[in-house]
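Colleague: If you scroll down you'll find the structure; I have some questions about it.
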Amino acid sequence: MNTPLPMRNGIGASRVWLPNGNWKTMLAFLIEYFPNVSAQSWKIRMHKNQVMDTNSRTIKPNTPYQSNLHLFYYRELDTEVIIPFEESIVYENEHMLIADKPHFLPVIPAGRFLQQTLLVRLREKLNIEPLNPVHRIDKDTAGLVMFSKQHATRGHYHLLFQQRKIKKYYEAIAPNLAIEQLKPNDTLIHRSYLVKSNPFFLMKEQDKTKSNNKTNTETHISTIQQGKHYSHYRLQPITGKQHQLRVHLAALGIPIVNDSFYPTLKNLAHDDFSQPLQLLAKQLRFNDPITNELINISSQHQLLYDLLDTNKK
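Residue numbers (our numbering): 7 to 319.
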């Protein structure tokens with residue numbers, strides 16, 4: 007959908023649908039719909055011509071309410087924690103780019119994150135308004151994220167993921183698996199049925215009796231290097247469910263080092279960057295659907311390999 011408000015500081019306009027209702031003014035609707043945003047904040051935005059409707063009409067505090075339209079506005083945060091780590095671009099062509107994301111940086115704006123997101127940072131640096139991620143990784147995970155640069159060709163890159171025509175490889179540091187679970191040079195295939203958990207942002211494996219032995223996730227796990235207590239694992243997610251790798255390793259009894267979600271939820275300060283999750287989106291391999299070029303890109307980020315303690319085995 008076209009927006010009457012241009013990109014500002016890397017941030018595209020947000021929108022809200024105006025339903026049927028008895029609000030006298032647009033301002034009255036916004037105050038009720040967004041209870042955490044003050045009336046004064048909306049008035050300031052309206053004074054700056056930063057609220058508009060589908061017809062590019064500038065909305066003022068006394069503009070009468072009109073349903074069945076979209077309102078466009080810029081999302082704002084009073085305060086935002088600075089993420090003190092930088093992203094880089096490791097591949098780019100006319101249609102897409104691949105960024106190498108640091109730990110702790112979300113891919114898209116949500117909740118308490120706005121400017122400090124990979125999407126907004128890249129839009130601001132590159133001035134590419136149509137830029138959008140083709141897939142996502144957790145904010146706690148470092149590594150590769152693909153972005154589409156053009157509306158016209160975006161669907162081709164989405165299909166790479168939907169049709170599983172792209173190979174994704176991750177690496178992780180986690181406790182050693184028992185030899186009977188994963189022998190050297192072997193691959194362990196873990197399948198399960200993942201469902202939403204509590205709190206809402208967590209996932210869990212559903213009991214096989216409840217899922218009728220059905221599965222909706224699959225991960226291939228192999229060992230790159232084994233230390234005294236921890237191993238360096240290579241992970242290939244065949245499916246792409248939320249938190250899939252984190253849940254699967256926790257279910258195997260080897261939770262990823264510094265995982266604050268699994269197997270138990272830990273409350274960490276928002277500005278605590280001392281314990282990065284030891285999970286890395288390491289490699290993307292695919293044939294570009296536009297150019298047919300074979301793309302094989304690896305992240306430059308490193309995990310805490312010192313944990314392997316290989317000299318003390």
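Note that the Cβ used here is the ideal one computed from N, Cα and C, for glycine as well. Quick caveat, the model's predicted, so the values are computed rather than measured.
Can you give, in chain order, each stretch of the beta strand (DSSP E) that sits fully within the stretch 126-162 and has at least 3 residues?
Modeller: Correct list: 148-154.
Colleague: Output yes or no for whether 9 Å exceeds the beta carbon distance between Q284 and V253.
Modeller: Not in contact: Q284 and V253 (Cβ atoms no closer than 9 Å).
Colleague: Give a yes or no on whether the minimum CB-CB distance between I172 and chain C is below 9 Å.
Modeller: Looking for chain C here will not work: only one protein chain is present.
Colleague: Exposed or buried, S280, counting other C-beta atoms within 10 Å across all chains shown (16 or more means buried)?
Modeller: Label assigned to S280: exposed.
Colleague: Just to confirm, is the Cβ distance from Q242 to V96 under 9 Å?
Modeller: The answer is no: Cβ separation not under 9 Å.
Colleague: Considering only residues of the stretch 194-252, which uninterrupted beta strand (DSSP E) runs meet the minimum length of 3 residues and lie entirely inside it, listed in chain order?
Modeller: Runs found: 194-198, 200-202, 209-211, 223-232 and 236-243.
Colleague: So, with DSSP's three-state summary, where would you put R51?
Modeller: If DSSP states are grouped into helix, strand and coil, R51 belongs with the helices.
Colleague: Could you say which of L150, R142 and E135 lies nearest to N8 if we only look at CA atoms?
Modeller: Nearest option by C-alpha distance: E135.
Colleague: To which residues of the same chain is K173 closer than 6 Å at the C-beta, ignoring the five residues directly before and after it?
Modeller: These residues qualify, in order along the chain: R291.
Colleague: Give, in chain order, every unbroken run of the beta strand (DSSP E) that is at least 3 residues long and sits entirely within the stretch 243-305.
Modeller: For the stretch 243-305, whole beta strand (DSSP E) runs of length 3 or above, ordered along the chain, are 285-293 and 300-304.
Colleague: Grab me the residues of L255's own chain with a C-beta within less than 7 Å of its C-beta, minus the 5 sequence neighbours each way, in chain order.
Modeller: Closer than 7 Å at Cβ, skipping near neighbours: A178, A180, P261 and I262.
Colleague: I think P67 touches T31, with their Cβ atoms under 8 Å apart; what is that distance to the nearest whole Å?
Modeller: Contact flag correct, Cβ pair sits at about 7 Å.
Colleague: Is it a yes or a no for the stretch 22-42 touching the stretch 68-84, going by three-plus beta-carbon pairs under 8 Å?
Modeller: Judged by Cβ distances under 8 Å, the stretch 22-42 makes contact with the stretch 68-84, as three or more pairs qualify.
Colleague: List the endpoints of the continuous alpha helix (DSSP H) containing M32.
Modeller: Element bounds for M32: M32 to Y39.
Colleague: For L183 and I296, I'd like the C-alpha separation in whole angstroms.
Modeller: Rounded to the nearest angstrom, the two C-alpha atoms are 42 Å apart.
Colleague: Within 10 angstroms of the Cβ of I195, are there 16 or more other Cβ atoms? Answer buried if so, exposed if not.
Modeller: The residue is exposed, with fewer than 16 neighbouring Cβ atoms inside 10 Å.
Colleague: If Q121 and E86 are in contact, beta carbons under 8 Å, what's the gap, nearest whole angstrom?
Modeller: Their Cβ separation, rounded to whole angstroms, is 6 Å, which keeps Q121 and E86 in contact under 8 Å.
Colleague: Select from N26, R63, K54 and Y80 the residue whose C-alpha is nearest the C-alpha of G16.
Modeller: Taking only the C-alpha atoms, the option nearest G16 is Y80.
Colleague: Does the distance from the C-beta atom of Y236 to that of L165 stay below 9 Å?
Modeller: It is not a contact, given that the beta carbons lie outside the stated cut-off.
Colleague: Looking at C-alpha atoms only, which residue of L150, T245 and V201 is the closest neighbour of S94?
Modeller: When only C-alpha atoms are compared, the closest one is L150.
Colleague: On the criterion of 16 or more Cβ atoms from any shown chain inside 10 Å, does E92 qualify as buried, or is it exposed?
Modeller: It is exposed - the Cβ of E92 has fewer than 16 other Cβ atoms within 10 Å.
Colleague: So does the stretch 136-150 actually touch the stretch 102-121, counting three or more Cβ pairs closer than 8 Å?
Modeller: As far as the Cβ criterion goes, the stretch 136-150 touches the stretch 102-121, which means the pair count is three or higher.
Colleague: Rounding to the nearest angstrom, what Cα-Cα distance links N204 and L36 in this structure?
Modeller: Straight-line Cα distance between these residues: approximately 30 Å.
Colleague: Take N26 and list the residues in its own chain whose beta-carbon comes closer than 6 Å to its own, dropping the five residues that flank it on each side.
Modeller: Correct list, in chain order: S73.
Colleague: Would you say Y175 and K49 are within 9 Å of each other, going by their C-beta atoms?
Modeller: Against a cut-off of 9 Å, the Cβ pair of K49 and Y175 comes out as no contact.
Colleague: Among residues of its own chain, excluding the 5 on either side of K318, which ones have a beta-carbon nearer than 6 Å to its beta-carbon?
Modeller: Any reading at K318 needs caution, since the residue's pLDDT is 46, under 50, leaving its predicted position unreliable; the model's value is listed next. Contacts found: K234.
Colleague: Out of P190, Q46, D59 and K171, which has the shortest C-alpha to C-alpha gap to I227?
Modeller: Checked all of P190, Q46, D59 and K171; the closest Cα to I227 is P190.
Colleague: Using CA coordinates, which residue listed in I143, R240, T225 and T223 is at the minimum distance from Q231?
Modeller: Residue R240 is the option with its Cα nearest to Q231.
Colleague: Distance, Cα to Cα, K171 vs S44?
Modeller: Roughly 47 Å between the two C-alpha positions.
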